[in-house]
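Numbering (my numbering), first residue to last: 1 to 90.
Backbone N, C-alpha and C fix where the C-beta goes; we use that ideal spot for every residue, glycine too.
Computed from a predicted structure; not experimentally measured.
Below: one structure, written as structure tokens.
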Amino acid sequence: MSGLSSSDKKAPTTAVNEVKEITEAKAKSKPQATKQVPKSKNPDYVQIGVYLPRELHQKLKIGSAITGEEMSAIAAEGIRLWLQKNAPNI
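Structure, rendered in structure tokens:
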């Protein structure tokens, strides 16, 4: 039970192609930004690994491409919201 009607579902390859097209279009339209330190080199960041259901990952990728937000920023916001609700004192 995915919560999507059959009209909302897209073939995975179609969704991936849409993400690629959106990402390429956004990359072409963005002006060159100043160089930033990658998160992998930034001591204020740590890398974690999580397992997500495939469908949730696809939606995250598409949402990230549409909004231009990095997937890590979206995940961090979701974790912050969860912590506020479930562990507000830490």
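Residue i classed as buried or exposed, judged by whether at least 16 other C-beta atoms fall within 10 angstroms
i     : result
Ala65 : buried
Residue i to residue j span [Cα, whole Å]
i     : j     : result
Gln36 : Gly68 : 17 Å
Asn42 : Ala15 : 32 Å
Gly63 : Met71 : 9 Å
Val19 : Lys61 : 7 Å
Asp44 : Pro38 : 11 Å
Thr34 : Thr23 : 19 Å
Pro88 : Ile79 : 12 Å
Gln47 : His57 : 17 Å
Thr13 : Asn86 : 37 Å
Whole-number beta carbon distance between residue j and residue i, since they are thought to touch under 8 Å
i     : j     : result
Ile90 : Leu83 : 7 Å
- Query: If you scan the stretch 40-82 from start to end, which runs of the alpha helix (DSSP H) of 4 or more residues do you find wholly inside it?
  - Reply: 54-67
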